[in-house]
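Each residue of the sequence shown is one higher than the one before, starting from 4 at the first, in the numbering used here. Here a beta-carbon is modelled for each residue, glycine too, at the ideal position from N, C-alpha and C. As the structure is a computational prediction, the values presented were derived from the model and not from experiment.
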Amino acid sequence: PSKMASQIRQNYHEDCEVSINKQINMELYASYVYLSMAYHFDRDDVSLPGMSKFFKDNSDEERDHAQKLIKFQNNRGGRVTMQAIASPAQKSWGVALEALQAALDLEKKVNQSLLDLHKTASNRVDPHLTNFLESEYLDEQVDAIKKIGDMITQLKRAGPKDLGE
């Protein structure tokens, strides 16, 4: 079947469409990594239910972000292209502090990807996309980075260093 042209597409550059598909993949990857972390801390030999819940909630939130972008793509007349999701860089997440540090790095990576998407939208003069990113994503990313940073600080202050595996 041939790809039908969208009848609703207006002021929606192909660069924005491609970048949104990349961001969808990034959000799904982050969800996948957080799911891996959640079930690491749910293991019987690790058993940190609070950490497991924190990472499970983050996984759900990242998946919701992907779904919001998918809806946006369809609403603008773009075409969603699902791509392979990379597996998490590690199979095991060690102790809580190590996992939180990995989570902080991940959130910064997601944030940079969103900032790059925002720049593409600005360069292509797409106020709808820039507004969508500003209202739905950018502040939330900063808050997530701050929250994880605070958790790292508190965990370091509290010691002991073996909360986890």
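Three-state secondary structure (DSSP) of residue i
| i | result |
| --- | --- |
| Val-113 | helix |
| Val-145 | helix |
Proximity winner among the options, relative to residue i (alpha-carbon distances)
| i | options | result |
| --- | --- | --- |
| Val-36 | Gln-10, Ala-92, Tyr-140, Lys-111 | Ala-92 |
| Lys-94 | Glu-20, Thr-156, Glu-64, Arg-46 | Arg-46 |
| Leu-107 | Asp-153, Asn-14, Pro-52 | Asp-153 |
| Asp-67 | Asn-77, Gln-86, Glu-139 | Glu-139 |
| Gln-157 | Leu-100, Ser-55, Tyr-32 | Leu-100 |
| Ser-90 | Ser-34, Gln-70, Asn-114 | Ser-34 |
| Lys-150 | Ser-9, Phe-57, Asn-14, Ala-8 | Phe-57 |
Residue i versus residue j - alpha carbon distance
| i | j | result |
| --- | --- | --- |
| Asn-28 | Leu-109 | 13 Å |
| His-16 | Thr-84 | 16 Å |
| Ser-184 | Arg-160 | Coverage of the chain is limited to positions 4 through 168, which leaves residue 184 absent and any answer about it impossible. |
| Arg-127 | Asp-18 | 8 Å |
| Ile-148 | Ile-73 | 24 Å |
| Pro-130 | Val-21 | 17 Å |
| Phe-44 | Leu-51 | 5 Å |
Boundaries (first-last residue) of the alpha helix (DSSP H) holding residue i
| i | result |
| --- | --- |
| Glu-30 | 17 to 43 |
| Asn-134 | 130 to 136 |
Check: residue i C-beta below 6 Å from any heavy atom of the ligand COA
| i | result |
| --- | --- |
| Asp-67 | Questions concerning the ligand COA fall outside what the structure shown contains, since it holds no ligand whatsoever. |
Which residue spans inside the segment 48 to 123 form an unbroken alpha helix (DSSP H) run of at least 4?
52 to 78
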